[in-house]
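**Q** Here it is: the structure, laid out below.
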Amino acid sequence: MPVSGTTPAQLSATIPADGLLRALVRPDGVSIIATLGEEHARSPIDRYGSVSFVREVHAGETVTLTAESRDSPDLAGETCLSMVLLPADDADSIRAERAFAAAGRSVDADESQRAFDLYLDAARAFGASDPFRAAEARHAMAELTYGPLTRQDDAFWLTRAALTGYGDRPPAGLMSALLILQARTLLDSELFAPRDRRARVLELLDQTLKWVARDRFGQRELPRIDILRGFMDYRAGSNSKASAWFEKAAARCEQLKDWECYARALQNDAALAEEARNYTVALRAFANVLN
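Take a look at the structure:
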């Protein structure tokens with residue numbers, strides 16, 4: 105189903121029998137917040153992270169699952185919405201699904217550590233019976249660990265575990281998001297010698313580009329790769345090259361009307377200009393960010 109700032113995706117169903125419902129949202133190319141009844145949830149994985157709900161339902165009841173964009177208003181993507189009654193005798197699957205669903209609610213409530221713990225429970229419960237869902241949980245753990253929990257080394261190893269679990273044919277967009285995350289975690293870590301670390305990051309970005317080309321919404325990842333390349337050159341002491349990457353990213357984001365990405369690229373370029381005491385350029389870039 106299409107989803108954008110003006111077009112939410114929605115699925116309604118009449119429940120055929122009493123049981124435990126699992127409602128699942130899988131976005132592609134757009135970050136979403138999902139709603140089922142009074143419950144809200146989101147994934148820490150932007151644009152590609154799945155969100156689920158688990159609740160008791162009764163025969164004849166009508167339930168509605170909704171996915172709304174939380175991206176820039178002009179951006180559009182797709183999302184797959186599904187509902188299924190879980191087998192009542194599969195205790196491990198029910199435990200895993202409940203934990204994964206609760207983790208998404210905790211992400212929406214900005215309870216990062218609780219969300220991490222719940223995704224960990226889900227990954228363990230999915231285990232070998234559903235390695236792809238276990239990998240999704242570990243991917244979400246890596247995002248939380250890299251971002252709000254700020255444990256970059258742990259995040260890197262979690263991305264490696266998720267990479268193994270996704271198998272041979274993962275969704276291209278989801279794979280590109282994981283590889284970019286792995287590159288970011290590696291760049292910010294103390295793992296490996298600096299030259300080796302840089303080479304590994306560049307190799308990851310080359311792999312990312314191959315997956316980006318396979319996803320219809322992959323162009324949104326290109327400026328994010330440019331921004332990462334800019335940080336690499338900045339850390340290597342080449343501010344002029346870094347600025348060129350940030351400007352390229354800003355131009356791409358403006359063309360896509362991805363205003364969050366646009367602001368981030370301009371803010372980075374403005375910071376470089378301010379560091380170089382080029383205050384005219386810095387003030388102009390900061391003004392564009394505010395606009």
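The sequence shown maps to residues 105 to 395 in my numbering.
A virtual CB, placed ideally from N, CA and C, is assigned to each residue, including glycine.
1. At the level of alpha carbons, what is the spacing between V158 and R228?
2. Please return the same chain residues whose Cβ sits closer than 6 Å to the Cβ of R130, not counting the five positions on each side in sequence.
3. Does DSSP put P275 in a helix, in a strand, or in coil?
4. Using alpha carbons as the reference points, say which of F335, P298, M187, Q286 lies closest to Q311.
5. With a Cβ-Cβ cutoff of 8 Å, do R356 and D330 count as a contact?
6. Determine the direct distance from the alpha carbon of Y223 to that of P252, and round the result to whole angstroms.
7. List the endpoints of the continuous beta strand (DSSP E) containing Q114.
8. Taking its Cβ as the centre, do 16 or more other Cβ atoms sit within 10 Å of D193, making it buried, or is it exposed?
9. Rounded to the nearest angstrom, what separates F350 and Y152 at their Cα positions?
10. Please work out which residues of its chain come closer than 7 Å, Cβ to Cβ, to D337, disregarding the five sequence neighbours upstream and downstream, and give them in chain order.
11. Do the CB positions of L282 and T268 come within less than 8 Å of each other?
12. Give the DSSP-derived three-state secondary structure of L295 in the structure shown.
**A** Looking at the coordinates:
1. Here residue 158 is taken as the residue at index 54 of the sequence shown, counted from 1. Here residue 228 is taken as the residue at index 124 of the sequence shown, counted from 1. Going from the Cα of V158 to the Cα of R228 covers about 18 Å.
2. Within the sequence shown, residue 130 is the residue found at index 26, counting from 1. Excluding residues within five positions, the ones whose Cβ falls inside 6 Å are S154, C184.
3. Numbered from its first residue, the sequence shown carries residue 275 at position 171. It is coil, neither helix nor strand.
4. For the purposes of this step, residue 311 is taken as the residue at position 207 of the sequence shown. For the options F335, P298, M187, Q286, the alpha carbon positioned closest to that of Q311 is the one of Q286.
5. For the purposes of this step, residue 356 is taken as the residue at position 252 of the sequence shown. For the purposes of this step, residue 330 is taken as the residue at position 226 of the sequence shown. Cβ atoms of R356 and D330: closer than 8 Å.
6. Mapped onto the sequence shown, residue 252 falls at position 148. Mapped onto the sequence shown, residue 223 falls at position 119. Roughly 15 Å separates the two Cα atoms.
7. Taking the first residue of the sequence shown as position 1, residue 114 is located at position 10. Per DSSP, Q114 belongs to the beta strand (DSSP E) from 113–118.
8. The sequence position of residue 193 within the sequence shown is 89, counting from 1. With a 10 Å radius around the Cβ and a threshold of 16 neighbouring Cβ atoms, D193 comes out exposed.
9. Residue numbering aside, residue 350 sits at position 246 when the sequence shown is read from its first letter. Residue numbering aside, residue 152 sits at position 48 when the sequence shown is read from its first letter. As the crow flies, the alpha-carbon of F350 is around 24 Å from that of Y152.
10. Working through the sequence shown from its first residue, we reach residue 337 at position 233. For D337, where only same-chain residues beyond five positions count, the Cβ hits under 7 Å are K345, A346, W349.
11. As a first step, residue 282 must be located in the sequence shown, where it is residue number 178. As a first step, residue 268 must be located in the sequence shown, where it is residue number 164. Cβ distance not < 8 Å, so L282 and T268 don't count as in contact.
12. Within the sequence shown, the letter at position 191 stands for residue 295. If DSSP states are grouped into helix, strand and coil, L295 belongs with coil.
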